[in-house]
Structures are given as structure tokens and as C-alpha cells.
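In this text, residue positions in the sequence shown follow our numbering: the first is 125, and each later residue adds one.
Here a beta-carbon is modelled for each residue, glycine too, at the ideal position from N, C-alpha and C.
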Amino acid sequence: MLNICDQSVSSRMIHVRRGLYKGLNLLTQRLVVGFVVINLIVAAGIIGLKSRSSKGKPHETVLITGGLGFIGSHVVDQLLSKGYRVIIYDDQSTGNNFNVKAQNYRGDVSEVNDFEQLDNHTVDYIVHLAAAISVSESMQNPEKYERINVAGSKTVLDWAIKHRVKRVVAASSAAVYGPPEELPLKELSPLSPISPYAQSKLDMEHLCDKYQREYAIDCISLRFFNVYGPRQNPKSEYSGVVSKFIDSVYNRKNITIFGDGKNTRDFIYVKDVARAIITAMKEGFGFKVYNVGTQVATSMNELAVQIIKKAEAPVGIVYYPPREGDIRYSLADTTKINTELRWKPKTSLEEGLSETLKWYEETTVDASKKSKATTGTETPKKSTRM
Ligand SMILES: NC(=O)c1ccc[n+]([C@@H]2O[C@H](COP(=O)([O-])OP(=O)(O)OC[C@H]3O[C@@H](n4cnc5c(N)ncnc54)[C@H](O)[C@@H]3O)[C@@H](O)[C@H]2O)c1
Numbered sequence: 125m126l127n128i129c130d131q132s133v134s135s136r137m138i139h140v141r142r143g144l145y146k147g148l149n150l151l152t153q154r155l156v157v158g159f160v161v162i163n164l165i166v167a168a169g170i171i172g173l174k175s176r177s178s179k180g181k182p183h184e185t186v187l188i189t190g191g192l193g194f195i196g197s198h199v200v201d202q203l204l205s206k207g208y209r210v211i212i213y214d215d216q217s218t219g220n221n222f223n224v225k226a227q228n229y230r231g232d233v234s235e236v237n238d239f240e241q242l243d244n245h246t247v248d249y250i251v252h253l254a255a256a257i258s259v260s261e262s263m264q265n266p267e268k269y270e271r272i273n274v275a276g277s278k279t280v281l282d283w284a285i286k287h288r289v290k291r292v293v294a295a296s297s298a299a300v301y302g303p304p305e306e307l308p309l310k311e312l313s314p315l316s317p318i319s320p321y322a323q324s325k326l327d328m329e330h331l332c333d334k335y336q337r338e339y340a341i342d343c344i345s346l347r348f349f350n351v352y353g354p355r356q357n358p359k360s361e362y363s364g365v366v367s368k369f370i371d372s373v374y375n376r377k378n379i380t381i382f383g384d385g386k387n388t389r390d391f392i393y394v395k396d397v398a399r400a401i402i403t404a405m406k407e408g409f410g411f412k413v414y415n416v417g418t419q420v421a422t423s424m425n426e427l428a429v430q431i432i433k434k435a436e437a438p439v440g441i442v443y444y445p446p447r448e449g450d451i452r453y454s455l456a457d458t459t460k461i462n463t464e465l466r467w468k469p470k471t472s473l474e475e476g477l478s479e480t481l482k483w484y485e486e487t488t489v490d491a492s493k494k495s496k497a498t499t500g501t502e503t504p505k506k507s508t509r510m
């Protein structure tokens with residue numbers, strides 16, 4: 125039998141035991157919660173890493189020659205938004221689209237010594253866009269085109285081999301086809317470049333092929349058709365026809381067309397081109413050549429009318445005799461890039477023109493000029509048609 129004292133001792137022990145059980149329970153609960161939280165953090169980290177790597181690995185570095193230019197600046201934007209580290213190498217001869225999130229180096233692609241500034245960098249991919257780009261200037265100064273576009277491309281490829289770059293994506297041009305024997309133009313269509321510019325792009329493609337065979341470096345050449353969009357410099361004499369037409373309408377000048385305006389081009393929006401470059405960088409392999417266009421032919425007359433209508437500008441079209449060497453029709457067959465790299469353009473000409481006009485209005489049009497200009501139109505120098 126327990127006496128009163130024993131009873132109180134045993135009830136105290138029960139209390140202590142209960143307290144111990146409670147404490148243990150609490151500790152177990154906390155350990156379980158802690159374990160779950162740690163697991164959640166680890167899982168979130170893995171998911172985060174996976175989703176970042178599917179967007180592009182942030183630790184990969186892309187060197188862009190000509191990255192301050194029209195097309196290059198859009199490639200820079202898209203790469204940065206995907207988490208790549210970006211290095212721009214540009215001689216600043218025409219490009220001025222600086223991006224503070226990229227590292228900038230000033231240098232000429234054809235100067236081996238200039239390129240040595242980059243020797244301390246580890247680069248995964250090179251997007252090679254730097255080039256002299258004027259067909260008419262190339263007729264006057266073919267040596268410049270040989271030096272920058274051919275010797276310059278060789279410097280880039282030599283550096284790529286020395287620094288074990290995974291892949292080079294290089295900008296070629298639809299100009300390599302020359303006057304087409306068949307339409308639409310396929311990658312295997314006959315090539316007959318008719319200007320030193322076009323020849324220099326074809327020579328660059330051959331270099332890519334040679335380097336791939338001799339040094340096993342992946343080199344993809346993209347033949348761009350007529351690229352247009354925001355940041356194409358309308359003041360440059362080498363600019364594309366879209367920016368020239370837009371510049372005319374905003375300055376209330378008639379649009380100038382050489383020939384009857386029935387010649388056609390395949391106009392491709394610059395952001396689609398930038399996406400094609402990044403797709404080729406990630407998905408392509410070996411030596412490959414791809415057309416980058418839309419498979420839609422637009423005549424100069426259609427283009428001019430669309431721009432005039434969109435800008436609601438009181439201007440007309442002035443026709444001049446056709447320029448020597450102008451190609452009558454151009455149109456891309458993009459089956460190869462569609463099927464092999466699963467790339468397709470996303471932007472219609474209608475949408476692309478709206479974006480370009482918006483950009484032009486926001487950045488270039490001087491407000492006072494705009495209000496003054498609504499009053500009159502220039503008298504056409506020659507015949508005017510709408
Ligand atoms: N815009 C088009 O419609 C089109 C069509 C076909 C091919 N391409 C090709 O695409 C590439 C980019 O063209 P873009 O329209 O952006 O031209 P762009 O003139 O705007 O860009 C070229 C860039 O290269 C730089 N550069 C020129 N010479 C250089 C040199 N020696 N060293 C270093 N940098 C130099 C310029 O400063 C500029 O920033 C070019 O290779 C061009 O031949 C363009």
C-alpha cells in the first residue's frame with residue numbers, strides 16, 4: 125500500500141514523465157518541420173536551377189562582334205534576358221546601341237592585336253555580326269570588304285579555336301544568291317554573288333566550312349534576308365529600305381522607289397532574327413547554312429503604301445530609274461531552319477511595321493518638326509503613284 129508521501133512522489137514522477145513526453149513530442153515535431161522545410165528549400169533550388177538552365181545557363185558567356193549594331197543590340201537584349209553573360213566587341217564605326225549590362229570592348233575584328241584584349245575571357249559561344257555592310261560602298265572599296273568581312277572573320281575563327289569556343293554563329297546574307305535562278309531560294313540554290321559585299325559573305329561561309337572540317341569547330345552561317353525593325357539607323361546611307369521609307373514619311377518627304385516598285389523582298393523582323401541566332405547557337409551543330417526569312421514576298425509598292433497608311437502621312441511615291449545591280453525578286457525558303465532548328469518567324473510585316481513606327485516616333489521624331497510637317501508635302505520630282 126502506498127502512503128500519502130509515496131502517492132505524491134509517484135504523481136510527481138507521472139508529471140515529470142508527462143513533461144518529458146511532451147518535450148520529446150515537441151522536439152520531434154520541430155525536427156519533422158525542420159526536415160520538411162530543408163527539403164522544400166533544396167527542391168526549390170533544384171527547380172530554380174532547372175528552370176534557369178532551360179532558359180539558358182547563366183554561367184555561359186557569349187561574345188558578340190558587332191554587338192552595338194542594329195541586329196547585334198537585339199541579340200544582346202535577348203541573351204541578357206535569358207541570363208547569359210555578354211561581351212560586346214565592336215569598333216563603334218556605326219554601332220552605338222550600348223547596353224550597360226554587357227561588357228564592352230572597342231576593337232576592329234580585322235586587327236589580331238585588338239582581339240587580344242579578350243584573351244582573359246572564357247567564352248562559350250561567339251555570335252559574329254561585325255561587318256562592313258554596304259553593297260554600293262563595296263563596289264568602290266572592295267579591299268575594305270575583303271579586310272573586314274573575310275580577314276576579320278578569320279581572326280574571329282582563329283580566336284575561337286585557340287580559346288575552345290563551343291560554336292560560332294556568323295551573319296551571312298541572302299546577297300550570296302545573286303540574281304535568283306529559282307524562287308523561293310533554298311540553301312542549295314545556285315550562288316552567284318554580284319558585289320564584293322556578297323562575295324565577302326560567301327568567302328566567310330567557306331571559311332566556316334573549312335574551319336569546321338579542319339578544326340572541328342561548329343560554325344553556323346545564317347543567310348539573313350531583309351532585316352528591319354527598331355534601331356535600324358534611318359540616317360545611314362546603308363540602311364534598309366524600311367527605315368528609309370519610314371524616315372521619309374515622318375519627314376513628310378515622298379518615298380523614293382528605284383524602278384517600277386514591283387520588285388519584291390522577304391522582310392524579316394529583327395527580333396525574329398535575334399531569336400534565330402540564339403536558336404542556332406544552342407541547337408545547331410557542325411557546319412550548316414540556314415536561310416532566315418519569312419517566305420513572304422512584299423513588293424516595294426506594297427511596303428510604301430503600308431507605311432504611308434500606318435503613319436497617316438500626306439506623302440506620295442517618287443519613281444526613279446532602276447539602279448544597276450538591283451535584284452528584281454528575292455524570297456526565302458525557310459523549310460530547313462523550320463525543320464532542323466524548329467525556328468519560325470513570329471512577327472507579321474504588319475506587326476513589325478507598327479513596332480518600328482512606334483520606336484521611330486518615340487526616339488527619332490522631333491515633336492516640333494512633326495507638328496510643322498503636317499502642313500505640306502514635297503512636290504514629287506518625277507511621277508508619283510500611291
Ligand atoms: N540588316 C540586314 O538587313 C542584313 C541582311 C543580311 C546580312 N546582314 C548582316 O548582319 C550583320 C549585322 O548587320 P546590321 O544590320 O546589324 O549592321 P550594323 O552596321 O548595324 O552592325 C554592324 C556592327 O559592326 C560594327 N563593325 C563594323 N566594322 C567593324 C569592325 N571592323 N570591327 C568591329 N566591329 C565592326 C559596327 O560598328 C556595328 O556596330 C552584318 O554582318 C550584316 O552583313 C544584315
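Anticipated Cβ contact below 8 Å, residue i with residue j, distance rounded
{"i": "valine 373", "j": "isoleucine 195", "result": "Not a contact, Cβ separation roughly 23 Å."}
{"i": "tyrosine 352", "j": "phenylalanine 391", "result": "6 Å"}
{"i": "leucine 575", "j": "lysine 434", "result": "Here the chain covers residues 125 to 510 and nothing more, so residue 575 does not appear."}
{"i": "valine 413", "j": "arginine 355", "result": "In fact, because the Cβ distance is near 26 Å, the residues do not count as touching under 8 Å."}
{"i": "isoleucine 324", "j": "valine 247", "result": "Looking at the sequence shown, residue 324 is not isoleucine but serine. Actually they are not in contact, since the Cβ atoms of serine 324 and valine 247 sit about 24 Å apart, beyond 8 Å."}
{"i": "proline 193", "j": "aspartate 215", "result": "In the sequence as displayed, the identity of residue 193 is glycine instead of proline. About 11 Å separates the two Cβ atoms, so there is no contact after all."}
{"i": "glycine 440", "j": "asparagine 375", "result": "Wrong, their Cβ atoms sit about 14 Å apart, outside the cutoff."}
Delimiting residues of the beta strand (DSSP E) encompassing residue i
{"i": "serine 297", "result": "291-297"}
{"i": "isoleucine 247", "result": "Going by the sequence as given, residue 247 is valine instead of isoleucine. Valine 247 -> no beta strand (DSSP E), and no H or E assigned at all."}
{"i": "valine 269", "result": "It should be pointed out that residue 269 corresponds to tyrosine in this sequence rather than to valine. Counting along the chain, tyrosine 269 falls outside any beta strand (DSSP E), though it belongs to the alpha helix (DSSP H) covering 266-269."}
{"i": "phenylalanine 382", "result": "379-382"}
Residues bridged to residue i [DSSP beta-bridge criterion]
{"i": "alanine 456", "result": "Leu309"}
{"i": "histidine 252", "result": "Thr189, Ala294"}
{"i": "aspartate 214", "result": "Arg230"}
{"i": "aspartate 511", "result": "What is shown of the chain runs 125 to 510, which leaves residue 511 out entirely."}
{"i": "asparagine 357", "result": "Bridge partners of asparagine 357: none, in fact."}
{"i": "asparagine 350", "result": "Phe391"}
{"i": "arginine 399", "result": "Paired residue(s): none; arginine 399 is not in a bridge."}
{"i": "tyrosine 414", "result": "Leu346"}
{"i": "arginine 209", "result": "Thr185"}
Run of the alpha helix (DSSP H) containing residue i, from where it starts to where it stops
{"i": "threonine 418", "result": "No alpha helix (DSSP H) contains threonine 418, which DSSP labels as neither H nor E."}
{"i": "valine 439", "result": "Per DSSP, valine 439 belongs to no alpha helix (DSSP H) and is neither H nor E."}
{"i": "tyrosine 374", "result": "365-374"}
{"i": "isoleucine 285", "result": "276-286"}
{"i": "tryptophan 483", "result": "473-487"}
{"i": "aspartate 238", "result": "236-239"}
Could you tell me whether the segment 395-415 touches the segment 444-452, using the rule of 3 or more Cβ pairs below 8 Å?
-> no
Meets three-Cβ-pair contact criterion under 8 Å: the segment 186-205 and the segment 265-272 | no
Report yes or no: do three or more beta-carbon pairs, one from the segment 367-383 and one from the segment 321-339, lie closer than 8 Å?
-> no
Cβ contact check for the segment 281-301 and the segment 239-256: 3 or more pairs under 8 Å = yes
At a cut of 8 Å, does the segment 451-465 reach the segment 414-427 through at least three beta carbon pairs?
-> yes
Could you tell me whether the segment 458-478 touches the segment 420-432, where touching means 3 or more Cβ pairs closer than 8 Å?
-> yes
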